[in-house]
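Structure record follows, encoded as C-alpha cells.
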Amino acid sequence: MITMNLRKLSIGFLIAILVAISAFPTGNGLPTGITDQNTTDTVIANGCTCHNTNTEATSSVIVNLTLPENFTSGETYTLILNIS
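In case it helps, our numbering puts the sequence shown at residues 10 to 93.
What follows is the structure, encoded as C-alpha cells:
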C-alpha cells in the first residue's frame, strides 16, 4: 500500500516537473516576438545574436504562402508556397 502511494507521488512529481520545464520557454517570450526595429539594441533590432557574432544578415529567405480567408470542411483548396 505504501509503495503504491509512493509510486503515485513519484509519477505526479515527475509530471509536475515536466510541465514546469515545458512552460518555461513560453513564459519567457512575448507572443509577438521581438518587434521594436527602431532601437539601438542589436538583440532587439536583429533578433538573437547569441550564436552568431555577425549581426548583419548574410542571407535571407522569403516565404510567401497564400491561404484562403476561411476554410470549409470537405472543401478542396489550392495552397501556393513560394520560397525565394
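In this text, a Cβ means the ideal position worked out from N, Cα and C, and glycines have one as well. This one's a predicted model, so the numbers in the text were calculated from it and none came from an experiment.
Query raised in the report: Going by DSSP, what residues sit across from Asn73 in a beta bridge?
Result: Asn91
Report task. Could you tell me which of Ile24, Phe22, Ile89 and Thr85 sits nearest to Val72, measuring between CA atoms? Result -> Ile89
Report task. Identify whether Thr81 lies in helix, strand or coil by the three-state DSSP scheme. Result -> coil
Query raised in the report: What do you reckon, is the C-beta of Ser31 under 8 angstroms from a heavy atom of the ligand ZN?
Result: Annotation note on the ligand ZN: not contained in the displayed structure, which lists no ligands.
Report task. Name the residue from Ser93, Thr81 and Pro77 whose alpha carbon lies nearest to the alpha carbon of Thr87. Result -> Pro77
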